[in-house]
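Structure, as structure tokens:
Protein chains: 2
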Amino acid sequence: MPDILVVGSLAYDDVQTPFERRRDVLGGAASYFSVAASLYSRVHVVGVVGQDFDEADLGRLRARGIDTSGIERKPGRSFRWFGRYDYDMSTAETLNTDLGVFGEWRPVVPDALRDAPFVFLANIHPAIQLDVLRQVRTPTLVAMDSMNFWLEHDRDAVTEVMSRAHVVSINEGEARQFAQTFSVIRAARTILALGPTALVVKRGEHGAMLFLRDGGMFWTPAYPLEKVQDPTGAGDAFAGGFMGHLSVTGRCDADELRRAVIHGVVAGSFAVEAFSIAGLEAATPEAIEARYRALRGIVAVGADAVAEAGPLAGR
Amino acid sequence: MPDILVVGSLAYDDVQTPFERRRDVLGGAASYFSVAASLYSRVHVVGVVGQDFDEADLGRLRARGIDTSGIERKPGRSFRWFGRYDYDMSTAETLNTDLGVFGEWRPVVPDALRDAPFVFLANIHPAIQLDVLRQVRTPTLVAMDSMNFWLEHDRDAVTEVMSRAHVVSINEGEARQFAQTFSVIRAARTILALGPTALVVKRGEHGAMLFLRDGGMFWTPAYPLEKVQDPTGAGDAFAGGFMGHLSVTGRCDADELRRAVIHGVVAGSFAVEAFSIAGLEAATPEAIEARYRALRGIVAVGADAVAEAGPLAGR
Numbered sequence: 022m023p024d025i026l027v028v029g030s031l032a033y034d035d036v037q038t039p040f041e042r043r044r045d046v047l048g049g050a051a052s053y054f055s056v057a058a059s060l061y062s063r064v065h066v067v068g069v070v071g072q073d074f075d076e077a078d079l080g081r082l083r084a085r086g087i088d089t090s091g092i093e094r095k096p097g098r099s100f101r102w103f104g105r106y107d108y109d110m111s112t113a114e115t116l117n118t119d120l121g122v123f124g125e126w127r128p129v130v131p132d133a134l135r136d137a138p139f140v141f142l143a144n145i146h147p148a149i150q151l152d153v154l155r156q157v158r159t160p161t162l163v164a165m166d167s168m169n170f171w172l173e174h175d176r177d178a179v180t181e182v183m184s185r186a187h188v189v190s191i192n193e194g195e196a197r198q199f200a201q202t203f204s205v206i207r208a209a210r211t212i213l214a215l216g217p218t219a220l221v222v223k224r225g226e227h228g229a230m231l232f233l234r235d236g237g238m239f240w241t242p243a244y245p246l247e248k249v250q251d252p253t254g255a256g257d258a259f260a261g262g263f264m265g266h267l268s269v270t271g272r273c274d275a276d277e278l279r280r281a282v283i284h285g286v287v288a289g290s291f292a293v294e295a296f297s298i299a300g301l302e303a304a305t306p307e308a309i310e311a312r313y314r315a316l317r318g319i320v321a322v323g324a325d326a327v328a329e330a331g332p333l334a335g336r
Numbered sequence: 022m023p024d025i026l027v028v029g030s031l032a033y034d035d036v037q038t039p040f041e042r043r044r045d046v047l048g049g050a051a052s053y054f055s056v057a058a059s060l061y062s063r064v065h066v067v068g069v070v071g072q073d074f075d076e077a078d079l080g081r082l083r084a085r086g087i088d089t090s091g092i093e094r095k096p097g098r099s100f101r102w103f104g105r106y107d108y109d110m111s112t113a114e115t116l117n118t119d120l121g122v123f124g125e126w127r128p129v130v131p132d133a134l135r136d137a138p139f140v141f142l143a144n145i146h147p148a149i150q151l152d153v154l155r156q157v158r159t160p161t162l163v164a165m166d167s168m169n170f171w172l173e174h175d176r177d178a179v180t181e182v183m184s185r186a187h188v189v190s191i192n193e194g195e196a197r198q199f200a201q202t203f204s205v206i207r208a209a210r211t212i213l214a215l216g217p218t219a220l221v222v223k224r225g226e227h228g229a230m231l232f233l234r235d236g237g238m239f240w241t242p243a244y245p246l247e248k249v250q251d252p253t254g255a256g257d258a259f260a261g262g263f264m265g266h267l268s269v270t271g272r273c274d275a276d277e278l279r280r281a282v283i284h285g286v287v288a289g290s291f292a293v294e295a296f297s298i299a300g301l302e303a304a305t306p307e308a309i310e311a312r313y314r315a316l317r318g319i320v321a322v323g324a325d326a327v328a329e330a331g332p333l334a335g336r
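Chains as they are written, first to last, in our numbering: chain C, 22 to 336; chain S, 22 to 336.
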């Protein structure tokens, strides 16, 4: 079971939906990612928290076997995000961001973690992502996320990260924005021309697409949920399921990448069923397997073989 | 090859996209539907046009083997629609509607057509749809479309049409509106409780979903297009491909309904590639087959069987 290294934010979120508001809940890309990926492999988090960060929240991660020794505690406040969702329960409107100790942070990857075969660069300043890439040694697979702010204000650095990653995982609007086109196909061509093997385009309730440099294309629906409580973290959970699956199989060929995308949307479906990481904490290998099979059944026609067991079967 | 009867509008459209404007192009639900379905079976149109309707446009339909003898010509102007699309090239904003002769029209289905096994009630006043249902005799399959205006202003009549149809085919926003819920799953439950065997939820660039009364669910992506010229008629073309496939197979079981949904999105993909019916006119059985296979390939993983031939193969 190869290890996974994630570098990203740990935060406290204030989340408002049309139906409910929750304050000071555990959030941050690294939290969502690591809990999702911990269902598959050993995960190591490199991040930073302030003096206000509750030790019990680190305990929630450790309870899942997640290695938190790479999380620094610094004087000051933890990263805080305040966001609101409209009735579409889709795109968040950021009402306030307080970077706190995250603002001046320069990650140092502990030497023991520099050989991690799977590396996820969560959405952080692209200069920090490049800094991490200089510290790790010959990873099997590097995946990166970003956000509209960096795509607009630090395009050159984002471009360099994309060119050095194996997998770029961003949402549809960001792909279009980066490539300056409405066509997601053209956007994929633009991004893949930078060098990555694969581009994952996250489409929220419409699932996810995978584009390969060799021209291959894959699409899976999102797992259909009757109720979504909080969309926050879906993209990071996606990355956790995606990397988790690849780490278990140890392969990154086209078929495993396709399966990984399905695992990604499954992880995302658990994330949005509850506030904070509670939905992911409630997920089990059996429940993941059941949703994976259900998703295959939803796209199946006639004699299509949809009975293949996922890598978590029987674990 | 069982026959298909469609009752709906023939119109002249004025369409504006961010990139281009076309005036007085042949449109109307029955036009798009019949051209798409004519790739599969013999189609009979019941509709009405005004004195301004160009005989050459009826000739375009007849050139495809479509029976236009059920189209009445009445004193007055033909139905005209003026719509605009924003950069998302998705939902149309109606700028003007002039019903013309369509406003007072009460369709009379010629006796020879009342035994048509496949009947499509395109988006028209639900009272007219009910009128048609009183005229046809024991059809194998009745599918119906509607629009937000009728869902809001004549809900009782729409409900009755839904309860008497085998297949309800509407877009996602309409399904949510009708069922007064954000959840498309709950909307499906509400609509299927009225009586239809199947609900098709059209999602534009995100494909289409099929919900069966027995709980089955299916979802296919839209055929990925690099360029969309005019989204008008995509939903009616969808219905044409959907009904066309079922009419060829003569079966309406769950697997054929799933395949029919794929044929629907394929027909829709041709419709949006050009203004008016030109995109559909350019489609061939071979091109349909190729897109059908491509769509199956896009959702396939590993050993999934995706090589099954569609019903148009070799025709």
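Where is the CB? At the ideal position from N, CA and C, for every residue including glycine.
Taking the alpha carbon of residue i as the reference point, which residue from the options has its own alpha carbon closest?
i              : options                           : result
A137 (chain C) : C:L26, C:D152 and C:M110          : C:L26
A209 (chain S) : S:Q198, S:Y108, S:S190 and S:F232 : S:F232
I87 (chain S)  : S:V130, S:K95, S:G323 and S:V66   : S:V66
V267 (chain C) : C:V163, C:A50 and C:P217          : A small correction: the amino acid at residue 267 (chain C) is Leu; Val does not occupy that position in the sequence shown. The option with the nearest alpha carbon to L267 (chain C) is C:V163.
P39 (chain C)  : C:V28, C:V189, C:K248 and C:N117  : C:K248
S111 (chain S) : S:I309, S:D274 and S:D251         : S:D251
G80 (chain S)  : S:I206, S:E41 and S:S52           : S:S52
A219 (chain S) : S:D257, S:A229, S:S190 and S:A200 : S:S190
G323 (chain S) : C:S290, C:D274 and C:E302         : C:D274
Q150 (chain S) : S:V130, S:N169 and S:A77          : S:V130
A295 (chain C) : C:R85, C:T118 and C:Q37           : C:Q37
I212 (chain C) : C:T180, C:A292 and C:A308         : C:T180
G48 (chain S)  : S:V157, S:F139, S:A258 and S:I283 : S:A258
V69 (chain C)  : C:I92, C:F54 and C:W240           : C:I92
A243 (chain S) : C:V205, C:G262, C:F263 and C:G254 : C:V205
D34 (chain C)  : C:A321, C:S297, C:L301 and C:I309 : C:S297
R312 (chain S) : S:A299, S:G262, S:V28 and S:A143  : S:G262
Given that residue i touches chain S, what residues does it touch there, using C-beta distances under 7 Å?
i              : result
T211 (chain C) : By Cβ distance, chain S contributes nothing, its closest Cβ being about 12 Å from T211 (chain C), past 7 Å.
F239 (chain C) : I319
H187 (chain C) : Those do not exist, as H187 (chain C) stays about 20 Å from chain S at its closest Cβ, beyond 7 Å.
Give the interface partners of residue i over in chain C, defined as CB-CB distance under 7 Å, in chain order.
i              : result
E247 (chain S) : S204, I206 and R207
List the residues of chain S that residue i touches, going by C-beta distances under 8 Å, in chain order.
i              : result
G254 (chain C) : Near G254 (chain C) there are no residues of chain S at all, since even the closest Cβ is about 20 Å away, more than 8 Å.
A322 (chain C) : In the sequence as displayed, the identity of residue 322 (chain C) is Val instead of Ala. Chain S residues near V322 (chain C): F239, D276, R279, R280, I283, R317 and E329.
List the residues that DSSP assigns as beta-bridge partners of residue i.
i              : result
R94 (chain S)  : S:V70
V238 (chain S) : Contrary to the premise, residue 238 (chain S) reads as Met rather than Val in this sequence. The partner list for M238 (chain S) (beta bridge, DSSP) reads S:F232.
W102 (chain S) : S:D34 and S:T118
A113 (chain S) : S:Y106
D88 (chain S)  : S:H65
Closer than 7 Å to a non-hydrogen atom of the ligand NAP - does that hold for the CB of residue i?
i              : result
E302 (chain S) : This structure simply doesn't include the ligand NAP, nor any ligand for that matter.
Along chain C, which residues have their Cβ under 8 Å away from the Cβ of residue i?
i             : result
P96 (chain S) : Under the 8 Å cutoff, chain C gives no residues; its nearest Cβ is about 44 Å from P96 (chain S).
For chain A, find out if any of its Cβ atoms is closer than 8 Å to the Cβ of residue i; answer yes or no.
i              : result
P242 (chain C) : Included in the structure are the protein chains C and S, with no chain A among them.
Select from the segment 267-284 of chain S all residues with a C-beta closer than 8 Å to any C-beta belonging to chain C, and list them in chain order.
D276, R279, R280 and I283
Can you pull out the residues from the segment 104-116 of chain C whose beta carbon lies closer than 9 Å to at least one beta carbon of chain S?
Along the segment 104-116 of chain C, the positions whose C-beta sits under 9 Å from a C-beta of chain S are Y108, D109 and M110, read in chain order.
Alpha helix (DSSP H) runs wholly inside the segment 139-169 of chain C, at least 4 long, in chain order:
147-156
In chain order, what residues of the segment 221-234 of chain S put their CB closer than 9 Å to some CB of chain C?
Within the segment 221-234 of chain S, R224, E226, H227, G228 and M230 place their CB atoms closer than 9 Å to a CB of chain C, listed in sequence order.
Can you list, in chain order, the residues of the segment 130-153 of chain C whose Cβ is nearer than 8 Å to any Cβ on chain S?
Against chain S - using a Cβ distance shorter than 8 Å - the segment 130-153 of chain C contributes no residues.
What are the complete beta strand (DSSP E) segments, minimum 3 residues, inside the segment 23-75 of chain S?
25-28, 32-37, 42-48 and 64-70
What residue ranges within the segment 169-229 of chain S form continuous beta strand (DSSP E) runs of no fewer than 3 residues, ordered along the chain?
Within the segment 169-229 of chain S, complete beta strand (DSSP E) segments of at least 3 residues are found at 188-192 and 219-223, given in chain order.
Those runs of the beta strand (DSSP E) which lie wholly inside the segment 259-301 of chain C and span at least 3 residues
none
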